[in-house]
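Sequence order for the protein chains is A and B. Residue numbering for the first sequence follows the numbering used here, starting at 2 and increasing by one per position. Residue numbering for the second sequence follows the numbering used here, starting at 2 and increasing by one per position.
Number of protein chains: 2
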Amino acid sequence: MHRSRLAGFIIDCKNADLQSAAEFWSGALGMEARALPGEEGDKYVRLVDPRERLLIEVQSVSHESRVHLDIETDDVEAEVRRLEQLGAKKVQQVNTWWVMEAPTGQRFCVVRAKGPAFASEARTWK
Amino acid sequence: MHRSRLAGFIIDCKNADLQSAAEFWSGALGMEARALPGEEGDKYVRLVDPRERLLIEVQSVSHESRVHLDIETDDVEAEVRRLEQLGAKKVQQVNTWWVMEAPTGQRFCVVRAKGPAFASEARTWK
């Protein structure tokens, strides 16, 4: 038995100056941009959702620009197996998370639970 | 003076069988898939966010699969001008909405306000 939920989405920006990219998306979505500490801050800027609905980040990447979804879980391996049974495919393991590809073509990530609402909102899978 | 907010996101699926695509994403995100009435139902399936955080839909499209964000507003033309000033470009007007491209490369849409939380959550721009 494990749990998962939609954690949020990451705005991947190809070869972007991270601060400029975050400034655009902060203004466009009307959300404050917040620097992250340590190494995480070199690649990601948090956009603060005032209602804490979702975790939203701007990321500088080397691949094409896109928006990708993150699914958070208390058991990454079990969630990856569940998603494989639904038709998704493993693409690559990166640090503690898995990049997967949906049968409809989009890449998404399965990450360790970190959103504030995980405990109250995650679905339980048996 | 007008208002806008992040309405949600659309999961664009290239040449997809809409029901199969919606079934995958419904299962992956743990959200109920709900058919939409009329012509809208030919192209979109709603994924019901139990907390009504965001409007999430699966769409069958002819372009490459991706995830795109929707910004909702009570004044589409004013919001498009605001976003142009931030660096976005108009791509195409479709029915009542505009497709735009961010300076970081992602396409997104500016749509008429329709989310349940618009009145309480939208930012006001002067």
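Just so it is clear, CB atoms sit at the ideal spot from N, CA and C, and this is done for glycine as well.
Chain A contact for residue i (CB, 9 Å cutoff)
{"i": "E65/B", "result": "yes"}
{"i": "L132/B", "result": "As displayed, chain B neither begins before 2 nor continues past 127, which places residue 132/B out of reach and without an answer."}
{"i": "Q107/B", "result": "yes"}
{"i": "R82/B", "result": "no"}
{"i": "R113/B", "result": "no"}
{"i": "V49/B", "result": "no"}
{"i": "G28/B", "result": "yes"}
{"i": "E122/B", "result": "yes"}
Neighbour-count burial assignment, residue i, 16 or more Cβ in a 10 Å radius
{"i": "G42/A", "result": "exposed"}
{"i": "R4/B", "result": "buried"}
{"i": "E58/B", "result": "buried"}
{"i": "L37/A", "result": "exposed"}
{"i": "S63/B", "result": "exposed"}
{"i": "Q107/A", "result": "buried"}
{"i": "A120/B", "result": "exposed"}
{"i": "R47/B", "result": "buried"}
Alpha-carbon spacing of residue i relative to residue j, whole angstroms
{"i": "A103/B", "j": "V77/A", "result": "32 Å"}
{"i": "E33/B", "j": "W26/B", "result": "9 Å"}
{"i": "E1/A", "j": "E80/A", "result": "The shown model of chain A, from 2 to 127, leaves out residue 1/A, and the question about it has no answer."}
{"i": "A22/B", "j": "H69/A", "result": "16 Å"}
{"i": "N16/A", "j": "G39/B", "result": "42 Å"}
{"i": "R67/B", "j": "D18/B", "result": "15 Å"}
{"i": "R52/A", "j": "W126/A", "result": "26 Å"}
{"i": "D50/A", "j": "A118/B", "result": "13 Å"}
{"i": "M101/B", "j": "M2/A", "result": "42 Å"}
{"i": "C14/A", "j": "E65/A", "result": "7 Å"}
{"i": "K90/B", "j": "R82/B", "result": "9 Å"}
{"i": "E122/B", "j": "G28/A", "result": "15 Å"}
Contact check, residue i vs residue j, beta carbons under 9 Å
{"i": "R113/B", "j": "D75/B", "result": "yes"}
{"i": "Q60/B", "j": "K44/B", "result": "yes"}
{"i": "L55/A", "j": "F109/A", "result": "no"}
{"i": "T105/A", "j": "I12/B", "result": "yes"}
{"i": "L84/A", "j": "V111/A", "result": "yes"}
{"i": "W98/A", "j": "V92/A", "result": "no"}
{"i": "L7/B", "j": "L7/A", "result": "no"}
CB contact check: residue i to chain B, cutoff 9 Å
{"i": "H69/A", "result": "yes"}
{"i": "M32/A", "result": "yes"}
{"i": "A22/A", "result": "yes"}
{"i": "L37/A", "result": "no"}
{"i": "K15/A", "result": "yes"}
{"i": "F119/A", "result": "no"}
{"i": "W99/A", "result": "no"}
{"i": "A89/A", "result": "yes"}
{"i": "A79/A", "result": "no"}
{"i": "V59/A", "result": "yes"}
Closer than 9 Å to chain E by CB, residue i
{"i": "C110/A", "result": "Annotation note: the requested chain E is absent from the structure, which comprises protein chains A and B."}
Range covered by the beta strand (DSSP E) that runs through residue i
{"i": "A8/A", "result": "3-15"}
{"i": "Q93/A", "result": "90-95"}
{"i": "Q20/A", "result": "Counting along the chain, Q20/A falls outside any beta strand (DSSP E), though it belongs to the alpha helix (DSSP H) covering 19-30."}
{"i": "E65/A", "result": "It is not in any beta strand (DSSP E) - E65/A carries neither H nor E in the DSSP assignment."}
{"i": "E33/B", "result": "33-36"}
{"i": "R54/A", "result": "Unbroken run through R54/A: none, as it is neither H nor E."}
Where the alpha helix (DSSP H) through residue i begins and ends
{"i": "Q86/A", "result": "77-87"}
{"i": "S121/B", "result": "119-122"}
{"i": "E102/B", "result": "Unbroken run through E102/B is the beta strand (DSSP E), 98-102; no alpha helix (DSSP H)."}
{"i": "E40/A", "result": "Taken as a continuous stretch (DSSP letters only), E40/A belongs to no alpha helix (DSSP H), as it is neither H nor E."}
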